[in-house]
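Undergrad:
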Amino acid sequence: MALDHLLPLEMLQAGEWADVEDVSGEPEWVGRMAELGVRSGCRLQVLQPGSPCLLQVGGCRLCLRGACLMQILVRPVTAAAAW
Amino acid sequence: MPPPHRPTAALVGNPNTGKTTLFNALSGLRQRVGNYPGVTVETKKGQMTCGGRVFDVIDLPGTYSLAPRSPDEMVAVDVVLGCQKEEVRPDVVVSIVDASNLDRNLYLTTQALELGLPVVVALNMVDVAESQGIHIDAGRLSRQLGVPVVPIQANKGKGLDVLRAAIACAALDRTPAKGPSFPEAFEREVGALRETVGADTPNFLVRRLLLDVGGYTEKRLVDRLGPGGAETLKAARGRMAAAGCPTPGVEARTRYSWIREATAGCVQRPAKRFVTWTDRIDKVLTHKLWGTLVFLALMFVVFQSIFTWAKPLMDGIDYGKDVLADWLRDLMPAGPLTSLLLDGVLKGVGSVLVFLPQILILFGFIAILEDCGYMARAAFLMDKLMSRCGLSGKSFIPMLSSVACAVPGIMAARVIENRRDRLATILTAPLMSCSARLPVYVLLIGAFMSPPRFSWWVSGLTMFLMYSIGLVVAPIVALTLKRTLLRGETPAFVMEMPLYKIPSVRTVLRRMYDSGMAFVVRAGTLILASMVLVWALLYFPRAEGPNGQLYDVHLAHLEDELKDLQKQKEAAGDGAPSELTDAIEAKEKEANAVQGEWQRQSLLGRAGLAIEPAVRPLGWDWKIGVAALASFPAREVVVGTLGVIYNEGKVKSDDVMEAENVGETRLARAMQDAKWEGTDRPVFTTPTALSLMVFFALCCQCASTLAVIRRETLSWGWPAFTFVYMTVLAYIGALAVYQIGRLFL
Chain A
407 MALDHLLPLE MLQAGEWADV EDVSGEPEWV GRMAELGVRS GCRLQVLQPG
457 SPCLLQVGGC RLCLRGACLM QILVRPVTAA AAW
Chain B
131 MPPPHRPTAA LVGNPNTGKT TLFNALSGLR QRVGNYPGVT VETKKGQMTC
181 GGRVFDVIDL PGTYSLAPRS PDEMVAVDVV LGCQKEEVRP DVVVSIVDAS
231 NLDRNLYLTT QALELGLPVV VALNMVDVAE SQGIHIDAGR LSRQLGVPVV
281 PIQANKGKGL DVLRAAIACA ALDRTPAKGP SFPEAFEREV GALRETVGAD
331 TPNFLVRRLL LDVGGYTEKR LVDRLGPGGA ETLKAARGRM AAAGCPTPGV
381 EARTRYSWIR EATAGCVQRP AKRFVTWTDR IDKVLTHKLW GTLVFLALMF
431 VVFQSIFTWA KPLMDGIDYG KDVLADWLRD LMPAGPLTSL LLDGVLKGVG
481 SVLVFLPQIL ILFGFIAILE DCGYMARAAF LMDKLMSRCG LSGKSFIPML
531 SSVACAVPGI MAARVIENRR DRLATILTAP LMSCSARLPV YVLLIGAFMS
581 PPRFSWWVSG LTMFLMYSIG LVVAPIVALT LKRTLLRGET PAFVMEMPLY
631 KIPSVRTVLR RMYDSGMAFV VRAGTLILAS MVLVWALLYF PRAEGPNGQL
681 YDVHLAHLED ELKDLQKQKE AAGDGAPSEL TDAIEAKEKE ANAVQGEWQR
731 QSLLGRAGLA IEPAVRPLGW DWKIGVAALA SFPAREVVVG TLGVIYNEGK
781 VKSDDVMEAE NVGETRLARA MQDAKWEGTD RPVFTTPTAL SLMVFFALCC
831 QCASTLAVIR RETLSWGWPA FTFVYMTVLA YIGALAVYQI GRLFL
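Protein chains in written order, with my numbering: chain A, 407 to 489; chain B, 131 to 875.
(1) Using 8 Å for Cβ pairs, my map puts glutamine 262 (chain B) next to threonine 406 (chain B). What's the rounded Cβ distance?
(2) Do the stretch 444 to 457 of chain A and the stretch 362 to 372 of chain B touch if we need at least three Cβ pairs shorter than 8 Å?
(3) Any beta carbon of chain A sitting closer than 8 Å to that of valine 142 (chain B)?
(4) What in chain A is Cβ-close to serine 525 (chain B), meaning under 9 Å?
(5) Hey, could you find the ends of the alpha helix (DSSP H) proline 849 (chain B) is sitting in?
(6) Which of the three DSSP states, helix, strand or coil, is assigned to alanine 373 (chain B)?
(7) According to a CB-to-CB cut-off of less than 9 Å, which residues of the stretch 422 to 434 of chain A neighbour chain B?
(8) Nearest by alpha-carbon distance to glycine 143 (chain B): which of B:Pro191, B:Gln161 and B:Leu454 is it?
(9) Taking CB distances under 8 Å as the criterion, tell me whether glutamine 454 (chain A) reaches chain B.
(10) Tell me which residue opens and which closes the alpha helix (DSSP H) that threonine 843 (chain B) is part of.
(11) Taking the CB atoms as reference points, tell me whether alanine 509 (chain B) and phenylalanine 526 (chain B) lie closer together than 8 Å.
(12) At the 8 Å Cβ level, is proline 248 (chain B) part of the contact set with chain A, yes or no?
(13) Would you mind giving the Cβ-Cβ distance between aspartate 448 (chain B) and glycine 480 (chain B), rounded to the nearest angstrom? I have them listed as a contact below 8 Å.
(14) What residue range is occupied by the uninterrupted beta strand (DSSP E) comprising threonine 173 (chain B)?
(15) Compute the minimum distance between the beta carbon of serine 446 (chain A) and the heavy atoms of the ligand GTP, and state whether it is under 7 Å.
(16) Are methionine 596 (chain B) and methionine 823 (chain B) close, meaning C-beta to C-beta below 8 Å?
(17) Verify the CB distance criterion: does valine 436 (chain A) have a CB-CB separation below 8 Å to chain C?
(18) Quick check on proline 378 (chain B) - is its C-beta less than 8 Å from some C-beta in chain A?
(19) When the distance is taken between beta carbons, is valine 210 (chain B) closer than 8 Å to proline 201 (chain B)?
(20) For valine 463 (chain A), write down the residues that DSSP places opposite it in a beta bridge.
(21) Give a yes or no on whether the C-beta atoms belonging to glycine 600 (chain B) and leucine 561 (chain B) are separated by under 8 Å.
(22) Quick one, are the C-beta atoms of alanine 577 (chain B) and valine 792 (chain B) less than 8 Å apart?
(23) Enumerate in chain order the residues of its own chain whose CB-to-CB distance from glutamine 477 (chain A) is below 6 Å, with the five nearest sequence positions on each side excluded.
(24) For proline 528 (chain B) and isoleucine 540 (chain B), what's the separation of their Cα atoms in angstroms?
(25) With DSSP run on the structure shown, which of helix, strand or coil describes glutamate 689 (chain B)?
(26) List, from N- to C-terminal side, the alpha helix (DSSP H) runs of 4 residues or more that fit wholly inside the stretch 598 to 669 of chain B.
(27) What is the rounded straight-line gap between the Cα of aspartate 456 (chain B) and the Cα of alanine 760 (chain B)?
(28) With 16 other CB atoms within 10 Å as the buried threshold, where does lysine 524 (chain B) fall?
(29) Would glutamate 416 (chain A) count as contacting chain B if we go by Cβ distances under 8 Å?
(30) Looking only at its own chain, which residues have a Cβ that is under 6 Å from the Cβ of serine 457 (chain A), when we skip the five neighbours before and after it?
(31) Measure the beta-carbon distance from leucine 458 (chain B) to leucine 470 (chain B) and round it to whole angstroms, keeping in mind my assumption that it falls under 8 Å.
(32) Which same chain residues, not among the five before or five after aspartate 267 (chain B), have their C-beta less than 7 Å away from its C-beta?
(33) Return the residue from the list B:Arg507, B:Gln869 and B:Gly678 that minimises the CA-CA distance to valine 745 (chain B).
(34) Where does alanine 401 (chain B) fall in DSSP's three states?
(35) Leaving out the 5 sequence neighbours to the left and right, which residues in its chain are closer than 6 Å to valine 432 (chain B) when beta-carbon positions are compared?
(36) Looking at C-alpha atoms only, which residue of B:Ser195, B:Gly328, B:Gly379 and B:Glu381 is the closest neighbour of glycine 356 (chain B)?
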């Protein structure tokens, strides 16, 4: 499976891991995501997809909703390599 | 001799890092809450002793960053910069971080390092981190961060002595901490901007001005840049972007790469992430089906307990009030002072206190659910539903709480950070059918919507419809508000799910105490004032009745005579002559007639007659108008007012609620028999009863709700708006129901 392509976060399935490549959009939103730990280079796992979705980012668990989910581009990683 | 300067330490940290627990552990019981004008967030202040010196400790609102986006978020920044009036600038900043989520938590710490103050890092929940296999070398971290790092367990009180010593040491030393270095291009722009805005603006704010596009600092400082300030700022940001450090990316990149270097070699993580208890519990509680079922069951238990547990307490308060009133009535002569004290003050205080048990129980539950971490899960589950009407999952609990009482519901809306969402929730919560509306529904449904007039199932259906009005209208109004007055971008909804933990008794009790006091002291004064006003409108003018006696004096005489008769009857026991019973009944009737007459010629009675043309289209006569008018301060008085107006004496809501067949109570009979003046057309037809119920379902007849809205929004505009829109909605609703109902029923 090719894992080197970029996807919007919304396309990930439950349980999948990914590295965040880019967070774009309103500066306020990008800043807020950075404060919460979602920034380029961080690794996350989708616990529940959909809207709102549930993510595991580092040591914390976030609930997210909104069109901005499309603006988080991620690069999927295999579960074996994750963490 | 001037008082010695008392050093101050400010606590900053992310939400759910145990900051408040640490504050409580450091400062003990002596705390006071600080409110600042124009914002709803509170800071807490306490004192601690370390090394024989007394320190002030300030607990700032939990935040993810010191980049303010609203006046509420600005409070923390203003306090630590010393820009908040009435507060001295802290000498030390204590940054509390969650050891199990170090990188993210240190983001805020890096901002604290730039404040120009000494910083102490309190590394909390080291035990939780250990249990997840995360080990942190605090000594090394301290060397690499350049500030003291103290591992603690705030909930178990471990490491606090070392922390106190570190704070005392930092306060003496006064060496400001040093944060990450930003790119040269950024520092150049900061220098240039600083010259424009003036040297009295803290360096920290100038940096924020440049970094936070559309942030609150920009709103506050842009005027200082002179004409074309916005352009100056835009140009500066443009130059930064050209130099390869565009906002806002530059901040996250700089801080996180600095954090990576500062934590290098300090943190040991397990090869594979441990499955924690939180993971296991969340599998069920955030599950779409099981989670929702658990949530519904939990909500049922909460609301059932509010009703069942509060009832005896509320009855007790009511009983106590009656006993006190009787005692005072015997003690004092009839007159305006007695009447003011009994019917105005005592009734007013009683009507405030009677809500207290419900508020305390609801807030006890909310505090438990919040402190153990469940509330965020409930908000997650309900988000989908709530986002359809323009709100978010966080609005659900306030709305549901309002079914018991809008006052705690509106207070519970504090958890919503987005200002527009919070306002929309506060403004629509009073539409939910609260428990004070129930007696009205019970009385009118019992009297007019039950057998023999209608089949057995109509009463239940009507009750259901009355409750549905709120459930349907509130989301529609919320959606309308979000599309008009509160229009704005639908903000991205983001919420952290904290780890589950056992709730702390102290936090829960504190929360109950705070909400109870807030309600009694602040809302209470307004309810009391309005109850006194209604009393005055019903009491004055203090005229003479037809027999030449003042109404109240006459009434007091009649009541004394009635008491004598009742005593005679009691003395006679079972063998009491039937004349005595008849005499008592006649006396009661006379007293009620005097009471009614007094009522009619009072200012409020006259107002009722004056507004009759306005309420006629709703199918009401002036008496109903008076009852509705008198219940504007508190809708629960309507049953009592109807009782007074229909000469049935002091009917209490409870008598109606407890009657087996409401349609057979005297008040219901009197209302069924009521005729339009001068005709034998009955006043209460089915459409009239329905229109009155709909009016009560939609109308804002609760001074406490308005007082709480004023308190929570810090403006008189929003309570005024709520009052107007709900009253207009109620009038239109009642009008439509009556006019349409007349065609069919």
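Heads up, the beta-carbon is just placed ideally off N, CA and C, and yes, glycines get one too.
TA: Concretely, from the data shown:
(1) In the second sequence, residue 262 (chain B) corresponds to position 132, counting from 1. In the second sequence, residue 406 (chain B) corresponds to position 276, counting from 1. Sure, about 6 Å apart at Cβ, within 8 Å.
(2) no
(3) Your numbering for residue 142 (chain B) matches position 12 in the second sequence. Taking Cβ atoms only, chain A never reaches closer than 8 Å to valine 142 (chain B), which makes this a no.
(4) By one-based count along the second sequence, residue 525 (chain B) stands at place 395. By Cβ distance, chain A contributes nothing, its closest Cβ being about 13 Å from serine 525 (chain B), past 9 Å.
(5) Here residue 849 (chain B) is taken as the residue at index 719 of the second sequence, counted from 1. It spans 847 to 874 - the alpha helix (DSSP H) in which proline 849 (chain B) sits, taken as one unbroken run.
(6) Working through the second sequence from its first residue, we reach residue 373 (chain B) at position 243. Correct three-state label for alanine 373 (chain B): coil.
(7) Val429, Gly431, Glu432, Pro433 and Glu434
(8) On the second sequence, position 13 is the one that residue 143 (chain B) refers to. It is B:Pro191 whose Cα lies nearest to the Cα of glycine 143 (chain B).
(9) Reading the first sequence from its first residue, position 48 is the one you call residue 454 (chain A). Answer yes: the Cβ-Cβ gap between glutamine 454 (chain A) and chain B drops below 8 Å somewhere.
(10) Here residue 843 (chain B) corresponds to residue number 713 of the second sequence, with the count starting at 1. Note, threonine 843 (chain B): alpha helix (DSSP H), 833 to 843.
(11) Translated into the one-based positions of the second sequence, residue 509 (chain B) becomes position 379. Translated into the one-based positions of the second sequence, residue 526 (chain B) becomes position 396. Closer than 8 Å, so yes.
(12) Locating residue 248 (chain B) in the second sequence gives position 118, where the first residue counts as 1. With 8 Å as the cut-off, proline 248 (chain B) does not count as an interface residue toward chain A.
(13) The residue labelled residue 448 (chain B) in the question sits at position 318 within the second sequence. The residue labelled residue 480 (chain B) in the question sits at position 350 within the second sequence. The Cβ separation is near 7 Å, so the contact holds.
(14) Numbered from its first residue, the second sequence carries residue 173 (chain B) at position 43. 172 to 180 is the extent of the beta strand (DSSP E) around threonine 173 (chain B).
(15) Only the bare structure without any ligand can be found here, which leaves the ligand GTP out of the picture.
(16) As a working mapping, residue 596 (chain B) is identified with position 466 in the second sequence. As a working mapping, residue 823 (chain B) is identified with position 693 in the second sequence. Yes, the Cβ-Cβ distance between methionine 596 (chain B) and methionine 823 (chain B) is below 8 Å.
(17) Among the protein chains of the structure shown, namely A and B, there is no chain C.
(18) Translated into positions along the second sequence, residue 378 (chain B) becomes position 248. Closer than 8 Å: yes.
(19) Your numbering for residue 201 (chain B) matches position 71 in the second sequence. Your numbering for residue 210 (chain B) matches position 80 in the second sequence. Cβ distance not < 8 Å, so proline 201 (chain B) and valine 210 (chain B) don't count as in contact.
(20) Here residue 463 (chain A) is taken as the residue at index 57 of the first sequence, counted from 1. Valine 463 (chain A) pairs with A:Leu450 and A:Cys466.
(21) To locate residue 600 (chain B), count along the second sequence from 1; it is residue 470. To locate residue 561 (chain B), count along the second sequence from 1; it is residue 431. For glycine 600 (chain B) and leucine 561 (chain B), yes; Cβs fall inside 8 Å.
(22) Working through the second sequence from its first residue, we reach residue 577 (chain B) at position 447. Working through the second sequence from its first residue, we reach residue 792 (chain B) at position 662. It is a contact, given that the beta carbons lie within the stated cut-off.
(23) For the purposes of this step, residue 477 (chain A) is identified with residue 71 of the first sequence, where counting begins at 1. Correct list, in chain order: Ser430 and Gly431.
(24) For this step, residue 528 (chain B) is matched to residue 398 along the second sequence. For this step, residue 540 (chain B) is matched to residue 410 along the second sequence. Roughly 6 Å between the two C-alpha positions.
(25) Reading the second sequence from its first residue, position 559 is the one you call residue 689 (chain B). Here glutamate 689 (chain B) sits in helix by DSSP.
(26) 635 to 647 and 654 to 669
(27) Walking along the second sequence from the start, residue 456 (chain B) turns up at place 326. Walking along the second sequence from the start, residue 760 (chain B) turns up at place 630. Near 24 Å, if we compare the C-alpha coordinates of alanine 760 (chain B) and aspartate 456 (chain B).
(28) Taking the first residue of the second sequence as position 1, residue 524 (chain B) is located at position 394. It is buried - the Cβ of lysine 524 (chain B) has at least 16 other Cβ atoms within 10 Å.
(29) As a position in the first sequence, residue 416 (chain A) is number 10, starting the count at 1. No, because no Cβ of chain B sits closer than 8 Å to the Cβ of glutamate 416 (chain A).
(30) Start at 1 with the first residue of the first sequence, and residue 457 (chain A) comes out as number 51. Same-chain partners within the cutoff: Arg471.
(31) As a working mapping, residue 458 (chain B) is identified with position 328 in the second sequence. As a working mapping, residue 470 (chain B) is identified with position 340 in the second sequence. In fact, because the Cβ distance is near 11 Å, the residues do not count as touching under 8 Å.
(32) For the purposes of this step, residue 267 (chain B) is taken as the residue at position 137 of the second sequence. Result list for aspartate 267 (chain B): Cys396, in chain order.
(33) As a working note, residue 745 (chain B) is residue 615 in the second sequence. Looking at the Cα atoms, B:Gln869 is the closest of the given residues.
(34) As a working mapping, residue 401 (chain B) is identified with position 271 in the second sequence. Correct three-state label for alanine 401 (chain B): coil.
(35) Residue 432 (chain B) sits at position 302 when you count from the first residue of the second sequence. Cβ neighbours of valine 432 (chain B) beyond the five flanking positions: Phe495.
(36) Position 226 of the second sequence, counted from the first residue, corresponds to residue 356 (chain B). Considering only alpha carbons, the answer is B:Gly328.
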